[in-house]
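Single-structure report; data block below.
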Amino acid sequence: KDYEYLKVLHRKVAESEKIVIVGGGFIALEVGDEIRKLGKDITLIVRSRLLRSSFDPEFSKMVEKRLREVGINIVYGQVERLVGDGKVERVKLVDGTEVSTDLVILSTGYRPNAELAVKAGLKVTRYGIWTDEYMRTSHPDIFAVGDCVEHRDFFTGKPYGLMLASTATFEARIAGANLFKLQIVRENRRTIGVYSTNVAGLTLAAAGLTEKAAKKEGFEVIVGYGKGPDKHPAKFPDTSMVTIKLIFSRDRGAILGAQIAGGKSVGEMINIFALAIQKRLTASELYTLQIATHPLLTASPVGYQVVKAAEDALAKLRMGN
């Protein structure tokens, strides 16, 4: 996000034909897709699977399939070292595989820049600047929000790092309300990770816990799926198939997470699930969701993916699956 860095990157990309991107997260995929459009030969080197922290394996496979369809190479493995005489020529993996390249872009994670907070004597953890539920730091007259702040998971309360503009603006509204004593809800009741991206024409979005993460935290889960076109009938131009996965707790039926893949409507649809998670809606409540539909704008009222996914989960609950 640094202008001078991006100028150098733009020049290096223009000078290169083969480009390796190390990483399998949102930035790696989005950068790779954009550079691909310039006619470059792109290879992603991924340690385990694509978008693993935000999506379950079936969605990772959808992304991989789409990337391969548009010509992006994907190599699984761990980088051992860069090889070259004066400039990079190959990337060597731990298993001995070598990938030839003219340029390597690293997209393997991030750290919060909390240097100013450290100098100011504020409490800083491995995830960023500590704040209370009102976004106050350890100094009562200093507030902090955004990428440099430690967040607490909505379900577990455990601290973690999250760098999203949408989260930063949510926290800024809380901090601003407290600074100016506005008469609104002024407490941050923990953070829900809500993500969306578009890669090679495939839109993906997620909110809350993945199935894997929910099980790791000790939840017994029920999963529901819904799939269908985003217009009705499906023969309309620019119709996309939408796939939804919903994760519910088995004991209360409350929604824990959602993952969606499809057309551009997915980017807005995920916000419904962020609210559903925040309000701890159940599968039964989503099954009886009152909706507006239109042939040119939405899925069919009898095949609405949100409702179908909730129905699928309820059926599994009844059968004891």
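In case it helps, the numbering used here puts the sequence shown at residues 196 to 516.
Cβ coordinates follow ideal geometry from the N, Cα and C atoms, glycine included.
Exercise for the section: Evaluate Val313 with the Cβ neighbour count: other Cβ atoms within 10 Å of its Cβ, from every protein chain shown; 16 or more gives buried, anything less gives exposed. Expected result: exposed
Problem - Same chain only: Cβ atoms within 6 Å of Gln454, ignoring 5 sequence neighbours per side - result: Phe250, Phe254, Ala401, Lys440
Practice task
Over the uninterrupted alpha helix (DSSP H) stretch that includes Thr364, give me the two end residues.
Solution key: 360 to 374 is the span of the alpha helix (DSSP H), which, as asked, contains Thr364.
Handout entry: Residue ranges of each beta strand (DSSP E) within the segment 227 to 264, 3 or longer
Key = 236 to 241
Practice task
Measure the C-alpha to C-alpha separation of Ser302 and Phe338 and round it to an integer number of angstroms.
Solution key: So the alpha carbons of these two residues sit roughly 30 Å apart.
Handout entry: Supposed close pair Ile442, Val418 - CB separation, criterion 8 Å
Key = 6 Å
Handout entry: DSSP-derived helix/strand/coil call for His205
Key = helix
Handout entry: Whole-number beta carbon distance between Leu311 and Ser333, since they are thought to touch under 8 Å
Key = In this structure Ser333 is not in contact with Leu311, their Cβ atoms being roughly 14 Å apart against a cut-off of 8 Å.
Practice task
For the segment 424 to 436 and the segment 502 to 509, state whether three or more C-beta atom pairs, one from each stretch, are separated by less than 8 Å.
Solution key: Verdict: no, contact absent.
Practice task
Can you tell me which of Ala469, Leu451, Asp433 puts its alpha carbon nearest to the alpha carbon of Gly413?
Solution key: Of the candidates Ala469, Leu451, Asp433, Leu451 places its Cα closest to the Cα of Gly413.
Practice task
Reducing DSSP to helix, strand and coil, say where Tyr390 ends up.
Solution key: strand
Handout entry: Straight-line gap, Leu492 to Pro432 (C-alpha atoms, nearest Å)
Key = 11 Å
Practice task
Check whether the Cβ atoms of Tyr329 and Gly356 lie closer than 9 Å to each other.
Solution key: no
Problem - Residue closest to Arg261, alpha-carbon to alpha-carbon, out of Ala478, Gly457, Gly498, Leu484 - result: Gly457
Exercise for the section: Can you give me the Cβ contacts of Gly220 inside the same chain, cut-off strictly under 7 Å, excluding the 5 residues immediately before and after it? Expected result: Correct list, in chain order: Leu246, Ser302.
Handout entry: Length-filtered (4 minimum) alpha helix (DSSP H) runs lying within the segment 413 to 485
Key = Listed in chain order, the complete alpha helix (DSSP H) runs (minimum 4 residues) inside the segment 413 to 485 are 461 to 473, 478 to 482.
Handout entry: Segment contact, 8 Å Cβ cut-off, at least three pairs: the segment 218 to 237 with the segment 358 to 372
Key = Short answer: they don't touch.
Problem - Where the beta strand (DSSP E) containing Val274 begins and where it ends - result: 274 to 278
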